[in-house]
Amino acid sequence: MKAQVPRTYDKEGYKLRAGCLCYKDASKKEILLVSSSSNDSLWVVPAGGIDPGENPIQAAIREAYEEAGVIGVVGDCVGVFQHDKVVKTRTYIYTMILQSFTHMKEKRKRAWFNVKDVSSKLMHPIQNSYITRDLMRLKEDTNAVVPVSKQSR
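Set out below in structure tokens:
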């Protein structure tokens with residue numbers, strides 16, 4: 001069982017999270033997903049809470065390492081995704097190009113998926129919006145908060 005770590009919240013009460021879209025290479029044709037901690041037949045983007053004292057990029061790198069055993073080059077911030085469900089969250093998502101795999105700190109499976117086919121594999125539909133935005137974004141403000149529509153939940 002994971003130790004409970006205090007998490008950070010913004011001034012509006014949103015739990016702050018961060019994660020990485022871990023791509024095999026710069027072509028962004030394949031993305032790495034990890035099995036859910038609650039159900040190893042469901043797939044998720046490596047992400048989690050920002051620890052006290054961390055900034056979003058540090059948390060994203062840590063989550064990719066802990067959940068997927070990935071070391072890579074972090075790129076742009078894709079956006080900050082807001083989810084207004086029972087636990088209100090704002091998740092900072094970054095791109096990462098894989099450099100190497102290490103031993104995974106958490107007991108999870110990891111697998112490569114073609115980005116064109118990934119939407120049906122994701123446990124959380126909101127995570128599909130992370131990938132869609134990264135692949136379709138133009139020169140826009142990458143730090144904008146992206147509200148999630150009810151259809152994406």
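With UniProt numbering, letter number 106 in the sequence shown gets 106, and the count goes up by one each step, no holes.
We put the CB at the ideal spot given by N, CA and C, even for glycine.
Remember, predicted model here, so these are calculated numbers, not experimental data.
> Out of curiosity, what's the CA-to-CA distance linking Arg108 and Gly13?
Replying inline: Walking along the sequence shown from the start, residue 108 turns up at place 108. Walking along the sequence shown from the start, residue 13 turns up at place 13. Near 30 Å, if we compare the C-alpha coordinates of Gly13 and Arg108.
>> Tell me the rounded alpha-carbon separation between Leu135 and Pro6.
In response: Translated into positions along the sequence shown, residue 135 becomes position 135. Translated into positions along the sequence shown, residue 6 becomes position 6. So the two alpha carbons sit approximately 33 Å from each other.
> What is the DSSP secondary structure of Ala59, counted as helix, strand or coil?
Replying inline: The sequence position of residue 59 within the sequence shown is 59, counting from 1. Three-state result, Ala59: helix.
> Can you list, in chain order, the residues of its chain whose CB lies under 6 Å from that of Tyr23, leaving out five sequence neighbours each side?
Replying inline: As a working note, residue 23 is residue 23 in the sequence shown. Ile31, Ile97.
>> Please state the DSSP three-state secondary structure of Ala68.
In response: Here the question's residue 68 lines up with position 68 in the sequence shown. Correct three-state label for Ala68: helix.
> Under the three-state reduction of DSSP, which class applies to Thr132: helix, strand or coil?
Replying inline: Within the sequence shown, residue 132 is the residue found at index 132, counting from 1. It is helical.
> So, is Thr91 buried or exposed, given that buried needs 16 or more other C-beta atoms within 10 angstroms?
Replying inline: As a first step, residue 91 is located in the sequence shown; it is residue number 91 there, counting from the start. When all chains shown are included, Thr91 counts as buried.
> Given that a residue counts as buried once 16 or more other Cβ atoms are within 10 Å of its Cβ, and exposed if not, what is Gly53?
Replying inline: Taking the sequence shown and counting its residues from 1, one reaches residue 53 at position 53. By the neighbour-count rule (16 or more Cβ atoms within 10 Å), Gly53 is not buried but exposed.
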